[in-house]
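Heads up, the thing below is written out as structure tokens.
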Amino acid sequence: MAKLILRRKKAFVERFRNYTIFLDGEKIGSIANGTEMTFDISEGKHILSTKIDWNTSNAIIFEIAEDQTLTFSVKGANPLYALYYTFAKPHKYLKLKLIG
């Protein structure tokens, strides 16, 4: 099986709230502040995204091989701009990226 690792950066804002994790449109779990989650996934092409309330992250399309591990990170909007992203760009409130 391939492995997907998701790390959530520790932040003061939303420290008591979890982000929901979606793989191929299906909920696969939730991640707490400052933690890391590991998932066994099938090889092939997938779409990863995260969500908190109505705010979402960018979706990342990736391909993973058998026995490969990919690591992603997710973080919330800068607290100074959180209200702007909440109402003007809710689809960019969370920032998801491939880190390795």
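In terms of the UniProt record's numbering, the sequence shown has 40 at position 40, counting the first letter as 1, and numbering is strictly consecutive.
Where is the CB? At the ideal position from N, CA and C, for every residue including glycine.
Check the DSSP bridge columns for R8 and list the partner residues they point to.
BP columns for R8 point to V74.
Evaluate S42 with the Cβ neighbour count: other Cβ atoms within 10 Å of its Cβ, from every protein chain shown; 16 or more gives buried, anything less gives exposed.
exposed
Counting Cβ pairs, one atom from each stretch, are 3 or more of them under 8 Å apart for the region 4–23 and the region 49–60?
yes
Please go through the region 30–67 and give each complete beta strand (DSSP E) segment of 3 or more residues, from N-terminal end onward.
36–41, 44–52 and 60–64
Nearest residue (CA-CA) to T71, options S57, K97 and F87:
K97
The beta strand (DSSP E) enclosing Y19, as first and last residue numbers
Y19 to L23
How big is the Cα-Cα spacing for F39 and L80?
32 Å
Closer than 8 Å by C-beta to A82: which residues in its own chain qualify, once you throw out the five before and the five after it? Chain order, please.
Within the same chain, A82 has close Cβ partners V13, G76 and Y93.
What's the gap between the Cα of A2 and the Cα of I28?
15 Å
What separation, rounded to the nearest whole angstrom, lies between the Cα atoms of I60 and I47?
6 Å
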